[in-house]
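Using our numbering, the first residue of the sequence shown is number 36, and each one after it goes up by one.
C-beta: ideal position from N, C-alpha, C; glycine also.
Only a predicted model underlies this, so the values are computations on that prediction, with no experimental measurement involved.
Heads up: the structure comes next, in structure tokens.
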Amino acid sequence: MATGPISQDGLREKLLSGEISSDCLVWHEGLESWCRIDTFTELSFMPPPLPVRDVNHESEKKELVRHQAASNPSPWRRFFARTFDMAWVTLVLFLLFEMLAKKLITNGTISQQASLNNLYIIFILAAQPIAMLIDAIVTATLGSSIGKLLLGIEVKRIDGSKPNLTSIISRNMSVLASGMGFSIPLITLITNAYQFHSLKKRGVTSYDSNKFDVVCDDKYKLSLFLTLTVILILSYAFYSRGTSHLDNYAKFSNYNYKADEQWYRSSPIVLSEAAQSELKGIESFSKNLPKDIGGDARYDSFFIDDRKNINMRFTMMEIDPNQIDGKFFYETVRPKEVVNACNGYRNLLSEGFNIYLVYSDKTGGPISSIYISISDCKR
């Protein structure tokens, strides 16, 4: 549609502003027909286009790659950092749990295998939330978790500021639920796959969307990360051998609980007669105790040697001797048996008798022995 008239300067301004293009048709008096603007030399002048930066330049390409890497960390990189963090925190919790369980078994608080199983269930339910809380505290203190520090990953708010402890705890609990599926076998596969797909497609997980940015760069301590990972794996291998002792702890506690009724029968009044009564109590214990004690231990024999050593021999029926060492017996079985002996047989001990509790495996091979004397009762 024809418009105008317009001056030459006005036409030039419209060209420069992009309001019209150089292929538009114009006409002025004296022309036989309409002509394109670019056919007029006085209007054909246009400033050269702005130079386009050559992104193919080697240094600029490196910077572009670095920036993209910082903005979009690999899902696998994040996965390994998270796995490392959960592994070392959980290992610490396992060690604390084992110490607590041994203490509860040794002092008699746990005396049945079922009680230990209940303690296991409580620990499993509480371990991951506690691990996430510890991870949040470490992150708030160091600025990042240990795994993320080693792999050069950092979590920031979307405004670029560092998150505080409260926001980190909130994020970790979201990770536990929607990222790890509370480690429930089938659910955790689904949640991991979903978050992996979200990272690959949108560059962000559901729990970080509109809240956090996870950034990283090419500066990370891979050698140290691999070294510490190997140490963690070896620690878990060593620990798995140690945790098998907990079942044995409970079995011994269960056995001692049943045997205690016999240990406490004597109540001496006169020293010499009481000592004889105590000795008869042991003989009665030897004769009357069932050969099979709860399926875990079997009482075998009792005798007194010429050195006043009272020997009581037991065979452990369900214990793998490869899982037992002297330290296990010394820390777990001995304290309870010392209390039993000192309460039930103090007079025998005070007259110079000693008590040996000798344990063997099903083949008759020695496992360990416990020696009790009057000196133990004075502690």
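Would you grab the beta carbon distance between residue i and residue j for me? Rounded to a whole angstrom, and I think it's under 8 angstroms.
i: ILE407; j: ALA376; result: 5 angstroms
i: TYR242; j: LEU186; result: About 19 angstroms; that fails the 8 angstroms criterion.
i: LYS343; j: ASN389; result: 6 angstroms
i: TRP111; j: LEU267; result: With 8 angstroms as the limit, TRP111 and LEU267 do not qualify as a contact, their Cβ atoms being about 18 angstroms apart.
i: PHE409; j: LEU384; result: It should be pointed out that residue 409 corresponds to Ile in this sequence rather than to Phe. At roughly 4 angstroms, the Cβ-Cβ gap stays under 8 angstroms, so ILE409 and LEU384 are in contact.
i: SER202; j: ASP120; result: That pair is no contact at about 17 angstroms.
i: PHE349; j: ARG333; result: 7 angstroms
i: SER418; j: ILE72; result: Since the first residue of the chain shown is 36 and the last is 414, residue 418 is not available in this structure.
i: ALA162; j: LEU151; result: Contact flag wrong, Cβ pair sits at about 16 angstroms.
i: ALA116; j: LYS183; result: 5 angstroms
Would you decide whether residue i is buried or exposed? Buried here means 16 or more other CB atoms lie within 10 Å of its CB.
i: GLU313; result: buried
i: GLY195; result: exposed
i: ILE345; result: buried
i: ILE405; result: buried
i: ASP327; result: Summary for ASP327: the model assigns pLDDT 46, below 50, so the residue's position carries little reliability, and this model does not support an answer.
i: TRP62; result: exposed
i: TYR271; result: exposed
i: PRO108; result: buried
i: GLY399; result: exposed
i: GLU48; result: exposed
i: VAL100; result: For VAL100, the pLDDT reaches just 48, beneath the cut-off of 50, and the residue's location in the model is therefore unreliable, although a value from the coordinates is still provided. VAL100 is exposed by the Cβ-count criterion.
i: ALA310; result: buried
i: ALA171; result: buried
i: GLY214; result: buried
i: TYR365; result: exposed
i: LYS397; result: exposed
i: CYS70; result: exposed
i: THR118; result: exposed
i: LYS413; result: exposed
i: GLN230; result: buried
i: ASN382; result: buried
i: MET351; result: buried
i: VAL210; result: buried
i: THR144; result: exposed
i: SER403; result: buried
i: GLU372; result: buried
Pick helix, strand or coil for residue i, following the three-state DSSP scheme.
i: ASP411; result: helix
i: THR252; result: A quick correction: the sequence has Asp, not Thr, at residue 252. Coil, per DSSP.
i: ASP335; result: strand
i: MET352; result: coil
i: TYR155; result: helix
i: ILE165; result: helix
i: SER312; result: helix
i: CYS110; result: According to the sequence as given, residue 110 is Pro; it is not Cys. The answer is helix: DSSP assigns PRO110 an H, G or I state.
i: TYR406; result: strand
i: ILE268; result: helix
i: ARG300; result: Confidence at ARG300 is low in this model, with a pLDDT of 35, below 50, so its placement is unreliable and no value can be given for it.
i: ASP327; result: Per-residue confidence for ASP327 stands at a pLDDT of 46, beneath the threshold of 50, marking its modelled position as unreliable; the derived number appears in the next sentence. Correct three-state label for ASP327: strand.
i: ILE41; result: coil
i: GLY400; result: coil
i: VAL305; result: Residue placement at VAL305 cannot be trusted, given a pLDDT of 34 that sits under 50; what the coordinates show is reported in the next sentence. If DSSP states are grouped into helix, strand and coil, VAL305 belongs with coil.
Report task. Output the residue ranges of the beta strand (DSSP E) runs that lie fully inside the segment 369-398 and measure 3 residues or longer, sorted by chain position. Result -> 389-395
**Report entry** At least three beta-carbon pairs within less than 8 angstroms, the segment 159-170 to the segment 111-127
**Finding:** Segments in contact, yes.
Query raised in the report: Which whole runs of the beta strand (DSSP E) in the segment 167-206 are 3 residues long or more, in chain order?
Result: Unbroken beta strand (DSSP E) runs of no fewer than 3 residues, entirely contained in the segment 167-206, are found at 188-192, following chain order.
Query raised in the report: Taking three-plus beta-carbon pairs below 8 angstroms as touching, is the segment 192-207 in contact with the segment 245-255?
Result: yes
Query raised in the report: Hey, which unbroken runs of the alpha helix (DSSP H) at 4 residues or more fall wholly within the segment 207-237?
Result: Correct list: 220-237.
Report task. Starting from the N-terminal side, write out each stretch of the beta strand (DSSP E) that is 3 residues or longer and does not extend beyond the segment 45-80. Result -> Counting only runs of 3 or more, we get nothing.
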